[in-house]
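Participant: According to UniProt numbering, the sequence shown is numbered sequentially starting from 1.
Every residue gets a Cβ at the ideal spot worked out from N, C-alpha and C, and that includes glycine.
Okay, here's the structure, questions in a sec.
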Amino acid sequence: MTAEQRITHWIGGKPWDREGARTGDVHDPATGRVAARVDLADAAVVDEAVAVAREAFTRWRGASLAQRANVVFAFRELLNARKDELAAIVTAEHGKVLSDAAGEVQRALEAVEFACGIPHLLKGGFSENASTNVDVYSIRQPLGVVGVVSPFNFPAMVPLWFVPNAIACGNAVVLKPSEKDPSAANFIAALFAEAGLPDGVLNVVHGDKPAVDRLLEHPDVKAVSFVGSTPVARYVYETGTRHGKRVQALGGAKNHMVVLPDADLDLAADAAVSAGFGSAGERCMAISVVVAVDPVGDELVAKIVDRVRGLHVGDGRRPGCEMGPLVTGAHRDRVLSYVDAGVAEGATLVVDGREHPVDGEEGGFWLGPTLFDHVGTGTSVYRDEIFGPVLSVLRVASYDEALEVVNANPYGNGTAIFTGDGGAARRFQHEVEVGMVGVNVPIPVPVSYYSFGGWKDSLFGDSHAYGPDGVHFYTRTKVVTGRWPDPSHGGVNLGFPRNT
Ligand code: NAD
Numbered sequence: 001m002t003a004e005q006r007i008t009h010w011i012g013g014k015p016w017d018r019e020g021a022r023t024g025d026v027h028d029p030a031t032g033r034v035a036a037r038v039d040l041a042d043a044a045v046v047d048e049a050v051a052v053a054r055e056a057f058t059r060w061r062g063a064s065l066a067q068r069a070n071v072v073f074a075f076r077e078l079l080n081a082r083k084d085e086l087a088a089i090v091t092a093e094h095g096k097v098l099s100d101a102a103g104e105v106q107r108a109l110e111a112v113e114f115a116c117g118i119p120h121l122l123k124g125g126f127s128e129n130a131s132t133n134v135d136v137y138s139i140r141q142p143l144g145v146v147g148v149v150s151p152f153n154f155p156a157m158v159p160l161w162f163v164p165n166a167i168a169c170g171n172a173v174v175l176k177p178s179e180k181d182p183s184a185a186n187f188i189a190a191l192f193a194e195a196g197l198p199d200g201v202l203n204v205v206h207g208d209k210p211a212v213d214r215l216l217e218h219p220d221v222k223a224v225s226f227v228g229s230t231p232v233a234r235y236v237y238e239t240g241t242r243h244g245k246r247v248q249a250l251g252g253a254k255n256h257m258v259v260l261p262d263a264d265l266d267l268a269a270d271a272a273v274s275a276g277f278g279s280a281g282e283r284c285m286a287i288s289v290v291v292a293v294d295p296v297g298d299e300l301v302a303k304i305v306d307r308v309r310g311l312h313v314g315d316g317r318r319p320g321c322e323m324g325p326l327v328t329g330a331h332r333d334r335v336l337s338y339v340d341a342g343v344a345e346g347a348t349l350v351v352d353g354r355e356h357p358v359d360g361e362e363g364g365f366w367l368g369p370t371l372f373d374h375v376g377t378g379t380s381v382y383r384d385e386i387f388g389p390v391l392s393v394l395r396v397a398s399y400d401e402a403l404e405v406v407n408a409n410p411y412g413n414g415t416a417i418f419t420g421d422g423g424a425a426r427r428f429q430h431e432v433e434v435g436m437v438g439v440n441v442p443i444p445v446p447v448s449y450y451s452f453g454g455w456k457d458s459l460f461g462d463s464h465a466y467g468p469d470g471v472h473f474y475t476r477t478k479v480v481t482g483r484w485p486d487p488s489h490g491g492v493n494l495g496f497p498r499n500t
């Protein structure tokens, strides 16, 4: 890519062909250079996309289930054939290493595959003769134009959590991806067009707050799916619902991994390092806190340190790299400020990521894996979502204390317990106030035929993302009570209809 490269909106089945007023820089995080500029939509561009989507919806809602499923299936085939290209786009703009980006695209494919089964998923109920000669049945219908607003950390997967289900259900979509890594969304939109999706059913509008605000206010946008940080998720939920929309807003996280004394500590250390530092900690399901139950602390920390020191940090395109840079210089600096804060707050800095060797250009947004031990729950390192390669170890005396820590945290996205005791694991899954729980599994992202979502400050709304909840979110139910003319009708009756 060159600095002249311009990334623009995709509206009505083609790239937008006008000049925008504002643009944003898109970096190559591994070099720190500006790789492209992305158009940032104002309200007028959003209005244009919504109008095009609304028009497309009037026809798309009438497409048969077979036709809609065929388009999603064709998209699945194209994406599978070109998944390496999409992974390379993700690495170039996000910075995560290629193997990790390939994993992201694979999980995205699973969400697409789920939507291929839409004819089955949209089946309603039917009750013959609910009352004498009266049949009752339910049908699920699309909402209209729906908005999808996605974060920077999964530029391919998160849009594909939502878009396939939304369009398979018969809606038209305006997708507003993160302005930090916008190209994956355009690749997806172009592939949908190639798969036969009619123009205007999927539109991509690039931008930041003004674009999101317009989607939240626009009377023709019926629902918004949002993923991002908690303050913005809360704002999106409150603003969208105030404007009468259906909103699901997934927020940030602070995911705890509880390690009980009977756990396999090598397995636990492998898991903590993989889930703590994969994608440089820029995952909403990253483990950011290890809760070590006495007496495992010293041994577990030693095992984690061994593994962390050996991590190969560098340009995600280079062979063997396991952890890439952070997404932007500003974000890297913010994460760095937490390293200083942790030290000032009295936590023990066991591994200092600022000193980790880097296999990449000097200007990249680097920070190596950082490990704090003896972290207190009152510190900012514990309290805040850092969203970087900083792992904290908290020491507690018992299972009960560990549970108390996890449940007292305002976030409730993911958590994991490491133990050899099935009874303890069952107790944990029952007692913990978190939406996604792993048992000896550090990143329990549900498969595509369940749904993804946290509790408490990690999700605003009542529907989780993708899977059955996704289909529920993107449709509304209609119930029909019908009788076909029968010569033996009973005449006029002003009483409330009774089932006889
Ligand atoms: P972010 O909240 O900064 O941005 C998310 C989206 O909202 C982007 O499209 C952005 O342009 C837009 N946005 C930003 N500020 C806005 C504002 N003031 N008003 C309206 N729109 C605004 O999040 P991010 O930095 O892109 O992503 C990282 C965050 O996302 C982390 O907190 C992470 O935990 C969270 N996340 C959560 C999940 C989940 O499923 N719960 C998944 C992935 C990421």
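#1: What's the gap between the Cα of residue 124 and the Cα of residue 227?
#2: Straight-line CA distance for residue 405 to residue 262?
#3: Pick helix, strand or coil for residue 248, following the three-state DSSP scheme.
#4: Do you know offhand how far residue 111's Cα is from residue 248's?
#5: Can you tell which of 58, 421, 480 and 289 has the C-alpha that lies nearest to the C-alpha of residue 413?
#6: Are the CB atoms of residue 411 and residue 254 nearer to each other than 8 Å?
#7: Cα separation between residue 351 and residue 369?
#8: For the ligand NAD, is there a heavy atom less than 7 Å away from the beta-carbon of residue 80?
#9: Which partner residues of residue 443 appear in the DSSP bridge assignment?
#10: How big is the Cα-Cα spacing for residue 323 and residue 359?
#11: In whole angstroms, what separates the C-alpha of residue 236 from that of residue 389?
#12: Under the assumption that residue 251 contacts residue 392 (Cβ atoms under 8 Å), give the Cβ distance between them as a whole number of angstroms.
#13: Could you tell me the alpha carbon to alpha carbon distance between residue 164 and residue 72, rounded to whole angstroms?
#14: When the Cα atoms are used, what is the spatial distance from residue 193 to residue 148?
#15: How many whole angstroms separate the CB atoms of residue 444 and residue 436, which I take to be in contact at a CB cut-off of 8 Å?
#16: Considering only DSSP beta bridges, list what residue 14 is partnered with.
#17: Considering only C-alpha positions, which residue in the set 293, 53 and 70 is nearest to residue 374?
#18: Quick one: which unbroken beta strand (DSSP E) runs of 3-plus residues sit fully inside the stretch 439-498? Chain order, please.
#19: I'd like to confirm something about residue 413: is its beta-carbon nearer than 7 Å to some heavy atom of the ligand NAD, or not?
#20: Beta-carbon within less than 6 Å of residue 144's beta-carbon, same chain only, minus the 5 sequence neighbours each way: which residues are those?
#21: Ignore the nearest five residues each way along the sequence and tell me which others in residue 1's own chain have a CB closer than 8 Å to its CB.
Facilitator: With the given structure in hand:
#1: 29 Å
#2: 20 Å
#3: strand
#4: Taking the CA atoms as reference points, residue 111 sits about 17 Å from residue 248.
#5: 289
#6: Contact flag set, yes.
#7: Those two C-alpha atoms are separated by around 7 Å.
#8: no
#9: DSSP lists no partner for residue 443.
#10: 10 Å
#11: 27 Å
#12: Contact between residue 251 and residue 392 does not hold, since their C-beta atoms are separated by about 20 Å, which reaches or exceeds 8 Å.
#13: Going by the C-alpha atoms only, they are around 7 Å apart.
#14: 18 Å
#15: 5 Å
#16: Beta-bridge pairing links residue 14 to 11.
#17: 293
#18: 475-482
#19: yes
#20: 57 and 222
#21: Caution applies to residue 1, whose pLDDT of 43 falls short of 50 and renders its modelled position unreliable; the value that the coordinates give is listed next. For residue 1, where only same-chain residues beyond five positions count, the Cβ hits under 8 Å are 28, 35, 36 and 92.
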